[in-house]
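Undergrad: Let me begin by handing over the structure; questions about it come next.
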Amino acid sequence: MMNTPQQVKNPTSSLKSRFITRFLGALTKINAEDPISSPSPTRIFQRYRRIKVASNKSMAYSVRSRRIWSRAMLSRFRSRRSAFSGRRSSVKTTNCTTINVTINENKTAKGGLDMQTDELRELVPGGEAMDVCNLLDETAHYIKCLTTQVQVMRKIVDFCHLSK
Amino acid sequence: MSGRRSGSGVSSISDDQITHLVFKLQQLIPELCARRSHKASASKVLQETCDYIRNLHKEVEDLSDRLSQLLASIDTDNDQAAIVRSLLM
């Protein structure tokens with residue numbers, strides 16, 4: 001029975017390819033909507049913001065709702081969208097606050113480590129509502145995804161340089 | 001678990017679990033993973049983790065900035081296939 005280990009797909013590489021496909025699609029769209037090759041600084045800044053959001057969005061969508069941090073990020077994007085269209089989705093925010101209060105009561109039992117995790121909680125999406133175990137686990141995954149993001153973006157930049 | 005002090009006993013997370021997760025993090029951070037066999041303190045790992053995440057955020061911003069200026073110079077639609085292929089290799 002030929003059962004090569006190559007048959008088991010590395011989960012990171014499928015995440016990476018999903019991210020690449022999404023992000024390139026977003027870049028194509030941004031490029032199509034703004035085709036002028038020497039735009040004003042304002043246009044460049046707007047484009048920069050769109051690219052940054054596209055990068056984070058592409059990664060969050062590629063992870064889907066498998067992770068607490070990606071779910072938090074996705075709901076952030078959705079509430080931003082509905083805020084623009086005038087609708088309020090305050091229900092989700094209320095729930096988060098309730099969870100936060102309960103967790104804080106448990107946190108004080110752990111002492112010094114919690115002071116340290118405060119900073120980390122602000123950096124990881126959804127970090128405020130996680131217990132320490134989840135926070136550390138989610139952070140590890142979040143870092144892996146961020147490094148993939150950076151790696152892919154670098155390669156695209158290099159490619160742009162090469163094609164010039 | 002008996003005989004192990006874990007604060008007021010409210011939390012069901014063991015210290016071992018946390019130590020293990022902190023060590024796992026340590027291995028992801030370039031600053032610290034050279035000391036693979038040597039466990040850095042939890043506070044050091046957390047501090048370095050925060051710094052590293054901030055650096056990564058900054059890199060995403062810088063690369064977005066560069067892309068915003070370079071983007072017009074390539075036709076991503078036609079080149080897309082070539083890019084995807086070279087990126088996935």
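So the protein lines, in turn, are chains A and B. The numbering of the first sequence is the working numbering, which starts it at 1 and goes up by one. The numbering of the second sequence is the working numbering, which starts it at 1 and goes up by one. We put the CB at the ideal spot given by N, CA and C, even for glycine.
Please report the straight-line C-alpha distance between A/Ser55 and A/Gln149, rounded to a whole angstrom.
TA: Here residue 55 of chain A refers to the residue found at position 55 of the first sequence. Here residue 149 of chain A refers to the residue found at position 149 of the first sequence. Taking the straight line joining both Cα atoms gives about 7 Å.
Undergrad: Counting only runs of 4+ residues fully inside the stretch 10-57 of chain A, write out the alpha helix (DSSP H) ranges in chain order.
TA: Qualifying alpha helix (DSSP H) stretches, in chain order: 11-33.
Undergrad: Which term fits B/Ala34, buried or exposed, when burial requires 16 or more other beta carbons within 10 angstroms of its beta carbon?
TA: As a first step, residue 34 of chain B is located in the second sequence; it is residue number 34 there, counting from the start. B/Ala34 comes out exposed.
Undergrad: Taking A/Glu119 as the reference, which of B/Gln26, B/Leu21, B/Val45, B/Ala40 has the closest Cα?
TA: Within the first sequence, numbered from 1, the residue matching residue 119 of chain A stands at position 119. Cα-wise, what sits closest to A/Glu119 is B/Val45.
Undergrad: Using 10 angstroms around the beta-carbon of B/Pro30, count the other beta-carbons present and answer buried if the total reaches 16, otherwise exposed.
TA: Numbered from its first residue, the second sequence carries residue 30 of chain B at position 30. B/Pro30 should be labelled exposed.
Undergrad: For B/Leu32, does the count of other Cβ atoms within 10 angstroms reach 16, so buried, or fall short, so exposed?
TA: Here residue 32 of chain B refers to the residue found at position 32 when the second sequence is read from its first residue. Burial call: buried.
Undergrad: Below 7 Å on C-beta distance, what does B/Thr19 contact in chain A?
TA: The sequence position of residue 19 of chain B within the second sequence is 19, counting from 1. The contacting residues do not exist; B/Thr19 stays about 10 Å from chain A at best.
Undergrad: How many Å lie between A/Lys52 and B/Phe23 at the Cα?
TA: One-based indexing of the first sequence puts residue 52 of chain A at position 52. One-based indexing of the second sequence puts residue 23 of chain B at position 23. Each residue's Cα considered, the two are about 31 Å apart.
Undergrad: Near A/Thr117, what residues of its chain come up, given a Cβ to Cβ distance below 7 Å and the 5 sequence neighbours on each side ignored?
TA: Locating residue 117 of chain A in the first sequence gives position 117, counting from the first residue. Cβ within range, chain order: Val132, Leu135.
Undergrad: Cβ of A/Ile20 less than 8 Å from any chain B Cβ?
TA: Stepping through the first sequence from its first residue, residue 20 of chain A is reached at position 20. So, interface residue.
Undergrad: In chain A, which residues lie less than 7 Å from B/Arg85 when you measure between Cβ atoms?
TA: In the second sequence, counting from the first residue as 1, residue 85 of chain B sits at position 85. In chain order: nothing, as chain A lies at least about 10 Å away.
Undergrad: Taking beta-carbon pairs under 8 Å, can you tell me which members of the stretch 140-162 of chain A lie near chain B?
TA: Residues passing the 8 Å Cβ filter: Ala140, Tyr142, Ile143, Lys144, Leu146, Thr147, Gln149, Val150, Val152, Met153, Arg154, Lys155, Ile156, Val157, Phe159, Cys160, His161.
Undergrad: State whether the stretch 62-71 of chain B contacts the stretch 39-51 of chain A, with contact taken as three or more CB pairs (one from each stretch) at a distance under 8 Å.
TA: The stretch 62-71 of chain B is in contact with the stretch 39-51 of chain A.
Undergrad: So which residues on chain B does A/Tyr48 lean against when the C-beta distance must stay under 7 Å?
TA: Indexing the first sequence from 1 puts residue 48 of chain A at position 48. The answer, in chain order, is Ser64, Asp65, Ser68.
Undergrad: Give a yes or no on whether 8 Å exceeds the smallest Cβ distance from A/Lys52 to chain B.
TA: Counted from its first residue, the first sequence places residue 52 of chain A at position 52. Closer than 8 Å: yes.
Undergrad: Applying a beta-carbon distance threshold of less than 9 Å, which residues of chain A neighbour B/Glu61?
TA: Start at 1 with the first residue of the second sequence, and residue 61 of chain B comes out as number 61. Correct list: Tyr48, Lys52.
Undergrad: What residue does the alpha helix (DSSP H) around B/Leu71 start on, and which one ends it?
TA: Within the second sequence, residue 71 of chain B is the residue found at index 71, counting from 1. No alpha helix (DSSP H) holds B/Leu71; DSSP gives it neither H nor E.
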